[in-house]
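A.B. asks: Numbering (our numbering), first residue to last: 572 to 622.
Here it is in structure tokens:
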């Protein structure tokens with residue numbers, strides 16, 4: 572599984588607001604690391620959004 576952080580996706584042109592909306596949506600490709608850490612996005616699932 573290939574994952575990216577919010578910071579990496581922002582560098583690719585996404586906004587933090589967009590990413591947080593996706594992260595909190597039903598069936599989201601995002602998950603948080605243990606202990607309330609970083610949001611990570613599964614890029615395979617993320618690529619399927621909107622298709």
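C-beta atoms are modelled at their ideal positions from N, C-alpha and C, and glycine is treated no differently.
Please classify residue 618: is it buried, with 16 or more other beta-carbons within 10 angstroms of its beta-carbon, or exposed?
C.D. replies: exposed
A.B. asks: Report the CB separation of residue 612 from residue 575 in whole angstroms; it is logged as a contact under 8 Å.
C.D. replies: 5 Å
A.B. asks: Does at least one heavy atom of the ligand COA sit under 7 Å from the Cβ of residue 576?
C.D. replies: The ligand COA is not part of the structure shown, which contains no ligands of any sort.
A.B. asks: Is the Cβ of residue 589 closer than 8 Å to any Cβ of chain C?
C.D. replies: Of the chains in the structure shown, none is chain C; there is only one protein chain.
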